[in-house]
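Numbering (my numbering), first residue to last: 523 to 677.
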């Protein structure tokens, strides 16, 4: 794997991004946009990366000459249901979704999915102002788009 090769170099900073989310709810690559379009979602907690908060931190990391492997996620985990509840509460009160089990999901997807919690304590120690995943979603995604259905026309 590339990460294994890169860790041999002492001048490299590797950022592990997980399920990237941005405030642009029209972007088809946005994790929220994706799951809001699915017929069914699995309700499992995961680590995630709120780009609006973390991309500026990546610039600061370069300025500080940070090196090594970094789990580049907001601290904590959040489930698909929790995100969709926030979407409903802040953006579209009529939004609805359906859950299914991992077993049901496995029957309809091409490649298996991974679900995990990444330890962001190293990043949090370096950047004390880093918000939890829930706090970051509220500040950077949902409050700026509150009651703005046009922000989510792709959904």
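Glycine included, each C-beta is placed from N, C-alpha and C at the ideal position.
Could you check what DSSP says for residue i in three-state terms: helix, strand or coil?
| i | result |
| --- | --- |
| residue 603 | helix |
| residue 543 | strand |
| residue 676 | In this prediction, residue 676 has a pLDDT of 46, which is less than 50 and means its spatial position is unreliable; what the coordinates show is noted afterwards. Looking at residue 676 - three-state DSSP - the assignment turns out to be coil, as it is neither helix nor strand. |
| residue 563 | strand |
| residue 623 | coil |
| residue 632 | coil |
What residues match up with residue i in a beta bridge as DSSP calls it?
| i | result |
| --- | --- |
| residue 538 | 593 |
| residue 647 | Answer is none; residue 647 lacks a bridge partner. |
| residue 663 | None; residue 663 has no bridge partner. |
Taking residue i and residue j to be in contact with their CB atoms under 8 Å, please state how far apart those CB atoms are, rounded to whole angstroms.
| i | j | result |
| --- | --- | --- |
| residue 578 | residue 642 | At roughly 16 Å, the Cβ-Cβ gap does not stay under 8 Å, so residue 578 and residue 642 are not in contact. |
| residue 645 | residue 652 | 6 Å |
| residue 656 | residue 600 | 6 Å |
Are residue i and residue j touching if we call contact CB-CB under 9 Å?
| i | j | result |
| --- | --- | --- |
| residue 540 | residue 569 | yes |
| residue 567 | residue 639 | yes |
| residue 669 | residue 613 | yes |
| residue 561 | residue 663 | no |
Within the chosen definition, does the stretch 579-586 reach the stretch 543-555 through at least 3 CB pairs nearer than 8 Å? At 8 Å Cβ cutoff, the stretches do not touch.
Are three or more beta carbon pairs between the stretch 554-564 and the stretch 523-536 nearer than 8 Å? Touching, no, given that fewer than three Cβ pairs across the two stretches are closer than 8 Å.
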